[in-house]
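Residue numbers (our numbering): 1134 to 1211.
Idealized CB from N, CA, C, for every residue including glycine.
Following: one structure in C-alpha cells, then a few remarks.
What follows is the structure, given as C-alpha cells:
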C-alpha cells in the first residue's frame, strides 16, 4: 500500500521493508492491473443471492409436495 501512496521512493520502501525494489515495482504493477477485479461490482454476489432465493423456493415447493404425498398415501392406506 505504501508503494501505491507514492510518498516514498522505491529505494526508501525497499530499505524500509527489506525487499528488492524490483519486487515492490512488480507488486504495484500487478495490483494496479488487477485492481478492477479486486474491487469489481457486486454482480457475482447478486447472482449468488438470486440463486439462493430460487433454491430456497424450490425446497419449500418440494417439502409441500412431499407432505401432500404422505397425507394422501396414508388416506389411501399405501
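Beta carbon of residue i nearer than 9 Å to that of residue j
{"i": "residue 1161", "j": "residue 1136", "result": "yes"}
Bounding residues of the alpha helix (DSSP H) (the contiguous stretch that carries residue i)
{"i": "residue 1156", "result": "1154-1171"}
{"i": "residue 1149", "result": "1143-1150"}
{"i": "residue 1137", "result": "1135-1138"}
Residue environment, residue i, which counts as buried when at least 16 other CB atoms sit within 10 Å
{"i": "residue 1146", "result": "buried"}
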